[in-house]
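Colleague: One structure follows; several queries about it will come next.
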Amino acid sequence: MNIKRLQTFVTAAEEQSLSKAANMLGLTQPAATKQIQALEKDLGTKLFQRQSFQLTTEGKRALTDAKSILEHWYTLTEHLHPSDKWRTPFRLGASSIPGTYLLPRVCRELQDNHPQLQLRIEVGSSEQMVDQLLEGELDVAVLGWRPESEVLHISPIWHERVACIAPPDTTTQEPFNFETLKTLPFVRRDEKSGTMKAASRGLNAWGGSVNELHTVAVVPSTEAAISFVEAGVGATFVSETAYYDNQDRNISLCGFLPERRTFYIATCQHKEKHPAAAELFHMQKRGELSPRVQLFRHNFS
């Protein structure tokens with residue numbers, strides 16, 4: 001059985017697109033087509049309906065077994081050649097909050113345990129990290145929201161609230177609610193930001209929306225947002241982790257939004273895993289993937 005053919009079949013089935021599968025696996029579409037055709041010849045049956053590219057009845061049966069075979073294959077190769085795989089560059093991506101408050105510690109621990117490991121780090125919006133993961137440019141991504149994808153293996157890491165912070169001289173009404181927020185000028189992140197998506201859900205829970213706020217600036221990062229608050233430009237929404245780590249700066253806490261947000265670790269299923277990816281998921285199961293910030297309230301449920 002040809003493992004590469006199984007990888008192409010499983011990826012194409014989950015993406016429901018041969019062109020997407022080819023792109024994710026670093027193949028040309030003709031090469032991916034040949035692999036599918038060769039696998040169909042090996043199995044003596046058609047796996048896809050040619051017009052709709054839906055799985056045939058036999059294809060659905062084959063998909064379950066193909067996934068199982070790939071998982072066993074990855075486990076076997078990891079056991080037989082662990083040291084070789086640790087020398088392969090590990091491509092780790094993260095959105096702004098985990099990239100700032102989690103990755104430095106995690107990367108230090110990985111390199112302490114595996115000195116031969118080479119790390120390639122990418123930090124950007126959660127949406128950018130998901131795109132790079134699906135394109136095969138990352139091995140693992142730590143995200144500020146959960147993407148809808150059957151191709152990804154996703155596990156929650158930690159939960160926290162979204163804080164609203166403002167310049168110290170800001171006068172806010174009590175109680176802290178959406179009506180209070182509407183009186184403030186806001187510096188906000190772009191809509192691709194996980195923090196902004198979480199803030200939007202919190203505002204919706206109060207019956208409001210981001211569009212109803214008085215936005216005076218849009219910035220690309222949490223650090224930029226906090227700096228704008230320090231300069232007196234306006235209020236902003238930040239992760240609870242970011243607030244507690246920066247509370248000694250020239251900012252004040254207005255309050256927390258009613259909805260909690262969750263951070264996730266994600267990797268593509270049915271691709272050969274880097275051993276560092278497996279180690280990160282083991283850390284996640286042990287509850288060790290979380291920013292260690294003073295006063296931070298952990299919740300690993």
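For the sequence shown, the residue numbers in the UniProt record's numbering are 1 to 301.
In this text, a Cβ means the ideal position worked out from N, Cα and C, and glycines have one as well.
Would you report the Cα separation of S239 and I97, rounded to the nearest angstrom?
Modeller: Stepping through the sequence shown from its first residue, residue 239 is reached at position 239. Stepping through the sequence shown from its first residue, residue 97 is reached at position 97. Cα-Cα distance, rounded: 7 Å.
Colleague: Under three-state DSSP, which class holds R5?
Modeller: Taking the sequence shown and counting its residues from 1, the one referred to as residue 5 is at position 5. Three-state result, R5: helix.
Colleague: On the three-state DSSP scale, how would you describe A199?
Modeller: Here residue 199 corresponds to residue number 199 of the sequence shown, with the count starting at 1. Three-state DSSP puts A199 in a helix.
Colleague: Cα separation between E279 and R120?
Modeller: On the sequence shown, residue 279 is found 279 positions in, with the first residue counted as 1. On the sequence shown, residue 120 is found 120 positions in, with the first residue counted as 1. Distance between the alpha carbons of E279 and R120 is about 16 Å.
Colleague: Reducing DSSP to helix, strand and coil, say where E279 ends up.
Modeller: Reading the sequence shown from its first residue, position 279 is the one you call residue 279. It is helical.
Colleague: Could you please give me the residues that DSSP links to C268 through a beta bridge?
Modeller: For the purposes of this step, residue 268 is taken as the residue at position 268 of the sequence shown. In the DSSP output, where bridge partners are listed per residue, C268 has L152.
Colleague: So, helix, strand or coil for V162, using DSSP?
Modeller: As a position in the sequence shown, residue 162 is number 162, starting the count at 1. Reduced to three states, the DSSP call for V162 is strand.
Colleague: Near L253, what residues of its chain come up, given a Cβ to Cβ distance below 7 Å and the 5 sequence neighbours on each side ignored?
Modeller: Locating residue 253 in the sequence shown gives position 253, where the first residue counts as 1. The residues are A163, I165, Y243.
Colleague: Do you know how far the Cα of S209 is from the Cα of residue 304?
Modeller: Look at the range of the chain in this structure, 1 to 301, and you will see that residue 304 is not part of it.
Colleague: For the candidate residues D169, A198, K271, whose alpha-carbon lies nearest to that of E230?
Modeller: Within the sequence shown, residue 230 is the residue found at index 230, counting from 1. Here the closest residue by C-alpha is D169.
Colleague: In the DSSP assignment, what residue or residues form a beta bridge with P185?
Modeller: By one-based count along the sequence shown, residue 185 stands at place 185. Answer is H214.
Colleague: Is the Cβ-Cβ distance between L70 and V10 less than 9 Å?
Modeller: Working through the sequence shown from its first residue, we reach residue 70 at position 70. Working through the sequence shown from its first residue, we reach residue 10 at position 10. Contact flag set, yes.
Colleague: For A22, does the three-state DSSP call read helix, strand or coil?
Modeller: By one-based count along the sequence shown, residue 22 stands at place 22. DSSP places A22 in helix when its eight states are reduced to three.
Colleague: Could you give the uninterrupted runs of the alpha helix (DSSP H) lying entirely in the stretch 20 to 76, keeping only those of 4 residues or more?
Modeller: 29 to 43
Colleague: Go through its chain and collect everything with a Cβ distance to S17's Cβ below 8 Å, but skip five positions before and after it.
Modeller: One-based indexing of the sequence shown puts residue 17 at position 17. Only F53 meet the Cβ criterion.
Colleague: Just tell me which of F186, A235, L103, Q132 has its CA closest to the CA of H214.
Modeller: Mapped onto the sequence shown, residue 214 falls at position 214. The residue with the shortest Cα to Cα distance from H214 is F186.
Colleague: Is it the case that the Cβ atoms of F178 and G255 are separated by a distance below 9 Å?
Modeller: Within the sequence shown, residue 178 is the residue found at index 178, counting from 1. Within the sequence shown, residue 255 is the residue found at index 255, counting from 1. Going by C-beta atoms, F178 is not nearer than 9 Å to G255.
Colleague: Taking 7 Å as the limit between beta carbons, can you name the residues of its chain near P291, skipping five residues before and five after?
Modeller: The residue you call residue 291 lines up with position 291 of the sequence shown. If we look at P291 and ignore the five residues flanking it on each side, its Cβ neighbours are Y101, L102, T241.
Colleague: Rounded to whole angstroms, what's the CA-CA distance from S221 to R189? Just pull it up for me.
Modeller: For the purposes of this step, residue 221 is taken as the residue at position 221 of the sequence shown. For the purposes of this step, residue 189 is taken as the residue at position 189 of the sequence shown. Taking the straight line from one Cα to the other gives about 7 Å.
Colleague: Take G26 and list the residues in its own chain whose beta-carbon comes closer than 8 Å to its own, dropping the five residues that flank it on each side.
Modeller: Counted from its first residue, the sequence shown places residue 26 at position 26. G136, listed in sequence order.
Colleague: Given K192, which residues of its chain have a CB within under 6 Å of its CB, disregarding the five upstream and five downstream residues?
Modeller: Counted from its first residue, the sequence shown places residue 192 at position 192. Only S125, E127 meet the Cβ criterion.
Colleague: Out of curiosity, what's the CA-to-CA distance linking P134 and I157?
Modeller: As a working mapping, residue 134 is identified with position 134 in the sequence shown. As a working mapping, residue 157 is identified with position 157 in the sequence shown. For the sequence presented, residue 134 should be read as Leu rather than Pro. The alpha-carbon atoms of L134 and I157 are separated by roughly 20 Å.
Colleague: At the level of alpha carbons, what is the spacing between S95 and Y74?
Modeller: Residue numbering aside, residue 95 sits at position 95 when the sequence shown is read from its first letter. Residue numbering aside, residue 74 sits at position 74 when the sequence shown is read from its first letter. Answer to the nearest angstrom: the Cα atoms are 28 Å apart.
Colleague: Helix, strand or coil for A235? Go by DSSP, reduced to three states.
Modeller: By 1-based counting over the sequence shown, the position of residue 235 is 235. If DSSP states are grouped into helix, strand and coil, A235 belongs with the strands.
Colleague: At what residues does the beta strand (DSSP E) containing G93 begin and finish?
Modeller: Counted from its first residue, the sequence shown places residue 93 at position 93. First-last of the beta strand (DSSP E) with G93: 90 to 94.
Colleague: May I ask which residues mark the beginning and end of the beta strand (DSSP E) holding R108?
Modeller: By 1-based counting over the sequence shown, the position of residue 108 is 108. It is not in any beta strand (DSSP E) - R108 instead sits in the alpha helix (DSSP H) that spans 103 to 113.
Colleague: For R50, count neighbouring Cβ atoms within 10 angstroms of its own Cβ and tell me buried if that reaches 16, exposed if not.
Modeller: Within the sequence shown, residue 50 is the residue found at index 50, counting from 1. Residue burial annotation: R50 is exposed, with fewer than 16 other C-beta atoms found within 10 angstroms of its C-beta.
Colleague: Since I believe T28 is in contact with A21 (beta carbons under 8 Å), could you give me their beta-carbon distance rounded to a whole number of angstroms?
Modeller: Taking the sequence shown and counting its residues from 1, the one referred to as residue 21 is at position 21. Taking the sequence shown and counting its residues from 1, the one referred to as residue 28 is at position 28. Your pair A21 and T28 does not check out as a contact, with CB atoms roughly 11 Å apart and the cut at 8 Å.
Colleague: Among P104, T171, L80, T262, whose alpha-carbon lies nearest the alpha-carbon of L143?
Modeller: On the sequence shown, residue 143 is found 143 positions in, with the first residue counted as 1. L143 has its Cα closest to that of T262, out of P104, T171, L80, T262.
Colleague: The beta strand (DSSP E) that contains L143, what's its start and end?
Modeller: For the purposes of this step, residue 143 is taken as the residue at position 143 of the sequence shown. Residues 140 to 143.
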